[in-house]
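Colleague: Supplied in C-alpha cells, the structure appears directly below.
Protein chains in written order, with my numbering: chain A, 1 to 273; chain B, 274 to 448.
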C-alpha cells in the first residue's frame, strides 16, 4: 500500500515536470500571449508598472534629500524662502525629466521620418544572465504585433517576441539567441551579426561569416540589410571595434559595439509598418 | 491558519524579490553577472513550509508569473521552482539548513545547478553558441553572488527558522 503510494507520488512529480517542459518548449517561438498569460499579465502588469514608477520616483527623489538637509540648516527667517526654493526645485526637476523624455522622443521620430512608429517606455530590462529581453509599455491594444522591429534614437534595439494586451517583450539584438542580417554601410558588403553570451552585457555583437575578400576595419558602421524579413533596411546596428582575421571565412570575425547602450535604454520606437 | 499566514508572507516576500531583482540587482552586476534571487527565495519558501504541496504550488505560480512578466520561455522558472522545492524538501528531511554555513553552501550548490539548467535550456531552445568560458563565468559568479547574499539574508530568517523547527518538533511528538 505504502509502495503504491510512493509510486503514485513519484509519477505525479514526473508528470508535472514533463508538463512544464512541454510548456517551455511549446512557448519558444514568436507568438501572442495565451488566455492564461493574458489573465496573468492583467494581474502582473499593474504591479510591474507600479514598481517601475516607484523605482523612477526613488531615483528622482534621492537628489532632493540633500537639498532638504540643507534647508534644515538655514535660519528661521529664510525658512519660508527655502520652502519656495524647494518647491521650485522639485518643479524644475520634473520639467527637466519631461524635457529629456520629449527630446528623446523627438529625436527618435525625426531620425526615421519615413517609418510609422509608436513611442514606448521600457518598463523592465533584462533580469537574468542568459537572455536579454526588454518589457515595453505598449501591447496588442496599441497596435503592436509580434515580429515588429524596435529601434531607438541611436539604432536597432530588436524585435517584438511576445505581445500581450498592454505590454510586449522585445528580444534585443545582443541576446545570445539573436541573429541579424547586416551590411557594412561604407562598402555595402553583407555580413551576419550574432549575439553572444559573453558580449551581451557589454552591448556588443559578433560579426560572423565574413568573406575573406571583405575589407572590414575598426570604425566601420554596420547597418541592417533588410534581408531575412525581420528588420527594416538601413537601421544602424553599431560600430566595428575589433577585427580578428584568419585565413578562412569561418574563423574570421569582428566585434561590433552596438549603437544602443542597452543598460541605459529608457525609450524605444516600435516600427508599425 | 498557519498555512494562510505562510502564503501571505510568501506573497509579500515574492513582491520584495521582484523589486530587488528587477530594480536593484539588475543594476548591480559583478563581472556582468546578476544574482539569481529566485533560487534563494524558493529555497526559503521550501524551508519554512509545513507541507510539501503548498510550496510546490506557490513556486510554480510565482515562477509562471515571473515567466509571463519578464521571462523568455513560459514555464521555465515554474519548472525550476518546482524542482528546487522538490529537492529542498527531500534534503530538509535529512539535513538541517538552520546553520548559516549550511544554508550558504546549499544555496551555492542549488544556484550552480539552476544556472546550468537555465543556460542549457537557453542554448538548446535558441540555438545560441556554446562558449565554455562565458558559461562557466556566469554559473560560478551567480553562485558566489547568491552565496554572499545568503550571508546577509540568513540572519534575518534564522530566528524564525529556529522557532518554526522547534514548533514542528513539539507537534511531531503528539502526532
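Beta carbons are placed, not taken as given, at the ideal position from N, Cα and C, and that holds for glycine.
(1) Please report how far the alpha carbon of residue 270/A lies from the alpha carbon of residue 151/A, in whole angstroms.
(2) What are the boundary residues of the alpha helix (DSSP H) that includes residue 114/A?
(3) Please report the residue range of the alpha helix (DSSP H) in which residue 205/A lies.
(4) Go to residue 269/A, then tell me how far its alpha helix (DSSP H) extends in each direction, as first and last residue.
(5) Put residue 256/A into one of helix, strand or coil per three-state DSSP.
(6) With the cut-off set at 8 angstroms, would you say residue 272/A and residue 117/A are in Cβ contact?
(7) Going by C-alpha to C-alpha distance, which of 299/B, 374/B, 291/B, 386/B sits closest to residue 131/A?
(8) Could you tell me the alpha carbon to alpha carbon distance between residue 423/B and residue 162/A, rounded to whole angstroms?
(9) If we ignore side chains and look at the alpha-carbon of each, how far apart do residue 418/B and residue 187/A end up?
(10) Do you know how far the Cα of residue 370/B is from the Cα of residue 428/B?
(11) Name the one or two DSSP bridge partners that residue 286/A has.
(12) Using a Cβ-Cβ cut-off of 6 angstroms (strictly less than) and excluding sequence neighbours within five positions of residue 373/B, which residues of its own chain qualify?
(13) Would you identify the three-state DSSP class for residue 159/A, choosing helix, strand or coil?
(14) Could you work out which residues of chain B lie near residue 127/A, taking near to mean beta carbons separated by less than 7 angstroms?
(15) Can you round the beta-carbon distance between residue 129/A and residue 291/B to whole angstroms, since I take them to be within the 8 angstroms contact cut?
(16) Looking at the C-beta of residue 309/B, does it have a partner C-beta in chain A at a distance below 8 angstroms?
(17) Go ahead and pull the three-state DSSP assignment for residue 371/B.
(18) As a quick exercise: from 402/B, 431/B, 385/B, 432/B, pick the residue whose alpha carbon is nearest that of residue 409/B.
(19) To the nearest whole angstrom, what separates the beta carbons of residue 379/B and residue 316/B, a pair I think is in contact under 8 angstroms?
(20) Return helix, strand or coil for residue 445/B, following the three-state DSSP convention.
(21) Against chain A, with Cβ distances strictly below 8 angstroms, would residue 407/B count as a contact?
(22) Does the beta-carbon of residue 149/A have 16 or more other beta-carbons within 10 angstroms, so that it is buried, or is it exposed?
(23) With distances taken Cα to Cα, identify the nearest neighbour of residue 205/A among 223/A, 254/A, 24/A, 14/A.
(24) Quick check: residue 207/A and residue 222/A, are their CB atoms within less than 8 angstroms of each other?
(25) So is residue 446/B in contact with chain A if we call contact Cβ pairs under 8 angstroms?
(26) What did DSSP end up calling residue 304/B once you bin it into helix, strand or coil?
(27) Whole angstroms is fine: what's the gap from residue 445/B's alpha carbon to residue 397/B's?
(28) Give the C-beta separation of residue 196/A and residue 176/A to the nearest angstrom, bearing in mind that I take them to be a contact with Cβ-Cβ under 8 angstroms.
(29) Looking at C-alpha atoms only, which residue of 157/A, 155/A, 167/A, 113/A is the closest neighbour of residue 139/A?
(30) Which residues of the segment 185-204 of chain A have a Cβ closer than 8 angstroms to any Cβ of chain B? Give them in chain order.
(31) Going by alpha carbons, who is nearest to residue 27/A out of 313/B, 346/B, 297/B?
(32) Expressed to the nearest angstrom, what Euclidean distance is found between the alpha-carbon atoms of residue 159/A and residue 191/A?
(33) Could you confirm whether any beta carbon from chain A is found closer than 8 angstroms to the beta carbon of residue 328/B?
(34) Do we get a CB-CB distance below 8 angstroms when we pair residue 27/A with the residues of chain B?
(35) For residue 289/B, which residues of its own chain have a beta-carbon under 6 angstroms away from its beta-carbon, when the five flanking residues on both sides are left out?
(36) I'd like to check one pair, residue 434/B with residue 312/B: are the Cβ atoms closer than 8 angstroms?
Modeller: According to the data block:
(1) 6 angstroms
(2) Note, residue 114/A: premise wrong, no alpha helix (DSSP H); not H, not E.
(3) Segment 204-208 is the beta strand (DSSP E) holding residue 205/A; no alpha helix (DSSP H) there.
(4) It is not in any alpha helix (DSSP H) - residue 269/A instead sits in the beta strand (DSSP E) that spans 267-271.
(5) strand
(6) yes
(7) 299/B
(8) 34 angstroms
(9) 45 angstroms
(10) 13 angstroms
(11) Past the edges of chain A, shown from 1 to 273, lies residue 286/A, and the structure says nothing about it.
(12) 427
(13) strand
(14) 294, 295, 299, 343
(15) Actually they do not touch by this definition, with Cβ atoms about 17 angstroms apart.
(16) yes
(17) coil
(18) 385/B
(19) 7 angstroms
(20) Low local confidence applies: a pLDDT of 44 at residue 445/B is under 50, so the model's placement there is unreliable, with the coordinate-based value given in what follows. Correct three-state label for residue 445/B: helix.
(21) yes
(22) buried
(23) 254/A
(24) yes
(25) Caution applies to residue 446/B, whose pLDDT of 42 falls short of 50 and renders its modelled position unreliable; the model cannot decide the point.
(26) coil
(27) Only weak support is given to the placement of residue 445/B: the predicted model assigns it a pLDDT of 44, under 50, and the value that follows is read from those uncertain coordinates. Looking at the two C-alpha atoms, the distance is approximately 46 angstroms.
(28) 6 angstroms
(29) 167/A
(30) 194, 195, 196, 197, 198, 201, 202
(31) 346/B
(32) 19 angstroms
(33) no
(34) yes
(35) none
(36) no
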